[in-house]
Amino acid sequence: MIDQEETYVRGMLARAVDDLPGGEVSMERALADGERTVRRRRRLVGVGVAATAMALVGSAALLAGVGPSIGPSPADDPSPSATAPAGPPTVAPEAFDPTLRLFRLGSLPAGAIQQESRTDVKVLAVDANVPEAISPGGPIQPGPIMGVGQSVTVRMGARGVDLFASLRQRSELEGPPPPVDLPGVQVAAVDGHPAFLYTDGTETSLSWQYAPDGWMSITMNKVDHPEEFGRQIAAGLVWETQRVSVPFARVGLPAGATLKGSRVEMYDGKWLTAEVLYRTGGPGPRQDLSVGVTNGVFPGDGSDFEESRVMVAGRVGSAMDDGNGVGVFRVAQVPDCSTCVTEVSTESPAGASAVGGRDGGLELAASMRMVEGSDNPASWRPLQ
């Protein structure tokens, strides 16, 4: 998929999630799942993908087998701020602090060399994925839209958050829902709390309330014994409060931008993406703006941007937007990181207005710099 197609797919997916009723669908997960599906199928082109993007919201996958942890988790850097509580909160918070992670996977599916940790004011999540080739016989490697075969996703919602919204909306989009209502049939307790198992095709979710009106879920796919597998994942969760850190220096954010969340992705023991999400006054629960950096996602020095190639302050960049607030602005050849590309994404008219449109988005991306020792997560700066 070329760069322009990826941009428009992201934009349409963002709008699709924002338009869904309920307001608690995770845009980050929907984008990741939808992009992976798009990349594998190679059939979405240009701006005429909104209906198909809606059908992609909520797709996920999981692996049948649990093994020892392979490579570092995004939360494994030796931070002095890490503390180890006895378990999940006994009272579901109204909102999470997006600068903190509360848990991580203690054991990973075999071959899950791609791992991701996401924070948000409403949902915390961790993923462990087994990468796959984009096409049969092709290479298995990270890219702008990476192929993923099997994975496990653990999510934790703040008070009152509907973790099942994406499953419910997908059922409505694809046809009549299964005969069992969400969250599913009751099964044996998890961590002393009533638990439920829900299956839709090959996908299964094991869910429970960690506190009154606060839910956790483990999503699985293509597993012979999903309940047993999910219980192994649940038992292996490590409860550890740890501050999020990122490999780039502070940036000049628009006035009024408020922190909404973060995303840190590792691949085969090295960091691949670090992104911070902000609200700038737009409607709905999703972010309006994100700033971040990728490492080794694009070939060479990251400057191969095809038709969207532009020059920014003497460096190669890329600018794609749909004229309605959704855009992706990248700048390559980052000082002190030869394989890095900075990225600013606007995901609403409010976000586009806050950064000053296309020119402002490119300028903000070009202004970003790495921290010293950015190749080592232990040297990253804490997110505040």
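When we follow our numbering, the leftmost residue of the sequence shown carries the number 227, and every step to the right adds one.
We treat Cβ as the ideally placed atom computed from N, Cα and C, and that holds for glycine.
Predicted, not measured: the structure shown is a model, and the values here were computed from it.
Extent of the continuous beta strand (DSSP E) to which residue i belongs
i                 : result
aspartate 426     : 419–426
alanine 495       : The sequence given here has glycine at residue 495, not alanine. Unbroken run through glycine 495: none, as it is neither H nor E.
alanine 481       : Element bounds for alanine 481: n/a, residue is neither H nor E.
methionine 594    : Looking at the DSSP string, methionine 594 is not in any beta strand (DSSP E), and its letter there is neither H nor E.
methionine 442    : 440–447
glutamine 610     : Neither: glutamine 610 is in no beta strand (DSSP E) and is coded neither H nor E.
glutamine 559     : Run containing glutamine 559: none; DSSP gives neither H nor E here.
valine 416        : 411–416
glutamate 429     : 429–437
phenylalanine 329 : 326–330
Cβ neighbour criterion (16 or more within 10 Å) applied to residue i
i              : result
serine 564     : exposed
methionine 537 : exposed
serine 361     : exposed
glutamate 501  : buried
threonine 316  : exposed
proline 335    : buried
glutamine 610  : exposed
glycine 587    : buried
valine 406     : exposed
glutamate 532  : exposed
leucine 515    : buried
glycine 526    : exposed
aspartate 346  : buried
glutamate 320  : exposed
alanine 412    : It is glutamine, not alanine, that sits at residue 412 in the sequence shown. The residue in question, glutamine 412, is exposed, as its Cβ has fewer than 16 Cβ neighbours within 10 Å.
alanine 414    : exposed
alanine 481    : exposed
glycine 386    : exposed
glycine 487    : buried
glutamate 454  : exposed
threonine 484  : exposed
glycine 272    : Low confidence applies to glycine 272: its pLDDT is 27, below 50, so where it sits in the model is not reliable, and the reading given next is rough at best. Counting Cβ neighbours within 10 Å, glycine 272 comes out exposed, since fewer than 16 surround it.
threonine 428  : exposed
glycine 553    : buried
valine 523     : buried
glycine 418    : exposed
asparagine 602 : exposed
alanine 384    : buried
glycine 363    : exposed
alanine 338    : buried
alanine 539    : exposed
alanine 312    : exposed
proline 438    : exposed
alanine 359    : exposed
alanine 240    : In this prediction, alanine 240 has a pLDDT of 39, which is less than 50 and means its spatial position is unreliable; nothing more can be read from the coordinates.
proline 409    : buried
proline 365    : exposed
Bounding residues of the alpha helix (DSSP H) (the contiguous stretch that carries residue i)
i             : result
alanine 578   : 575–581
glutamate 453 : 452–462
C-beta neighbour in chain D for residue i, strict 7 Å
i           : result
leucine 432 : No chain D appears in the structure shown, which is made up of a single protein chain.
Closer than 6 Å: residue i CB and nearest the ligand FAD heavy atom
i           : result
alanine 483 : The ligand FAD is not part of this structure, which contains no ligands at all.
Cβ-Cβ separation, residue j to residue i (assumed contact under 8 Å), whole Å
i              : j             : result
tryptophan 497 : proline 314   : Contact flag wrong, Cβ pair sits at about 27 Å.
serine 534     : alanine 545   : 6 Å
tryptophan 434 : proline 452   : With a Cβ gap of about 15 Å, tryptophan 434 and proline 452 do not count as contacting.
methionine 446 : glycine 456   : 6 Å
threonine 325  : valine 470    : 5 Å
methionine 372 : glutamine 340 : 7 Å
glycine 462    : leucine 328   : Actually they are not in contact, since the Cβ atoms of glycine 462 and leucine 328 sit about 15 Å apart, beyond 8 Å.
alanine 318    : glycine 440   : 3 Å
alanine 591    : glycine 543   : 7 Å
serine 343     : valine 581    : Serine 343 to valine 581, Cβ: 26 Å. No contact.
valine 449     : threonine 425 : Incorrect: roughly 10 Å between the Cβ atoms, too far for contact.
Inset, instruction - Kindly confirm or deny that the segment 584–603 and the segment 465–478 touch, where touching means at least three C-beta pairs closer than 8 Å. - result: yes
Inset, instruction - Check whether the segment 569–578 touches the segment 503–510, counting contact only when three or more Cβ pairs, one atom from each stretch, lie closer than 8 Å. - result: yes
Inset, instruction - Tell me the start and end of each unbroken beta strand (DSSP E) in the segment 503–549 that is at least 3 residues and wholly inside, in chain order. - result: 515–521, 535–538 and 541–547
Inset, instruction - Check whether the segment 372–379 touches the segment 347–357, counting contact only when three or more Cβ pairs, one atom from each stretch, lie closer than 8 Å. - result: yes
Inset, instruction - Identify every run of the beta strand (DSSP E) within the segment 332–392, keeping only runs that are complete inside it and at least 3 residues long; order them along the chain. - result: 340–346, 349–357 and 374–383
Inset, instruction - Take every Cβ of the segment 540–560, pair it with every Cβ of the segment 381–397, and state whether three or more of those distances are shorter than 8 Å. - result: no
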